[in-house]
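Just so you know, the sequence shown maps onto residues -13 to 212 in our numbering.
What follows is a set of notes on a single structure, which appears directly below.
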Amino acid sequence: MIQLNGVSKIYSEESIGLRDINLHIDAGEFVSIVGQSGTGKSTLVKILIAEEKPTKGQIIIGDWDITNISPVDIPFLRRQIGVIFQDFKLLPKKTVYENVAFALEVAGETSDRIHKVVPQVLDIVGLSDKFHRYPLQLSGGEQQRVAIARSLVHRPKIMIADEPTGNLDSINTVEIIEILKKINEFGTTVLLATHNREIVNSLRRRVLSLRGGEISSDEREGKYRL
């Protein structure tokens, strides 16, 4: 599903994002990517969604070599990869329903499909009763759930969550992780980039640790280790 062969991202002699990363992630895995700030987590995410290109190496998503992906193909790639961030990136003047629908509208989907898909994904994240609320009327956890629903509209094969609970309290954090686990149970590959030790250790899934832009450990049922 995801294959990185000798991938490096070098910004300058003093700033190296990733160094010679070799990585294989199977379809349907749930992988936590951990490490302290500046270890390469965000760089890895940006490379996987083609926000940045590697300095060297090869990146394969499914059967698609995206190493030198053309700009016109990037939107198609991102419909196959759902991404959620620490900040929710919601449109404040649009309702919950409209925020999720907008992701389909910009992709040129029909009204019939939008009316079918939006309620489905909002039901998955437990927001069926909040269609007409605006972001500022929601809690932080609810706003993140809207962001997750929006990322699901194209039925992505991969979900990348980059510090999705960084702005949330412990109760909302647990709820978001449970939703990610549910999405994974549907067969979606989930990559969770986080510095939250408790989350990682409670999952008991594969843990990929980064240090200095390199993979320092890769454990199938690992823990977050310093």
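For every residue, glycine included, the Cβ atom is placed at its ideal position computed from N, Cα and C.
Remember, it's a predicted structure, so these values are computed and weren't measured experimentally.
- In terms of CA proximity to N8, K(-5) leads the group R64, K(-5), F71.
- In this chain, the beta strand (DSSP E) harbouring I45 covers 42 to 47.
- Nearest neighbour of V82 by Cα position, chosen from K102, V(-7), Q129, turns out to be Q129.
- With respect to Q66, P142 sits close: the two C-beta atoms are nearer than 7 Å.
- Sequence-distant Cβ neighbours of F117 in its own chain, meaning closer than 6 Å and more than five residues away, are V82, Y83.
- Distances from the CA of D148 to each of R197, I11, I2, I33 were compared; the closest alpha carbon is that of I33.
- The beta-carbon distance between L194 and S18, rounded to whole angstroms, is 7 Å. This is short enough to meet the 8 Å contact definition.
- When H181, K167, T175 are compared, the shortest CA-CA separation from T151 is found for H181.
- Restricting attention to E184, L76, F172, V160, the CA atom closest to the CA of Q123 is found in L76.
- Look at V186 here: in three-state DSSP terms it is helix.
- Beyond the five residues adjoining it in sequence on each side, N(-9) comes within less than 7 Å, by CB distance, of N8, G43, Q44 in the same chain, given in chain order.
- If you draw a straight line from the Cα of I47 to the Cα of Q(-11), it comes to about 7 Å.
- In the three-state reduction of the DSSP assignment, S202 falls in the strand class.
- For the set E95, N153, D98, I162, the Cα lying nearest the Cα of L113 is the one of I162.
- Of the residues assessed, G94 falls on the exposed side of the cut-off, its CB having fewer than 16 other CB atoms within 10 angstroms.
- Distances from the alpha-carbon of F16 to those of F172, G198, L177 put L177 closest.
- Secondary structure note for K(-5): its beta strand (DSSP E) is the uninterrupted segment -12 to -4.
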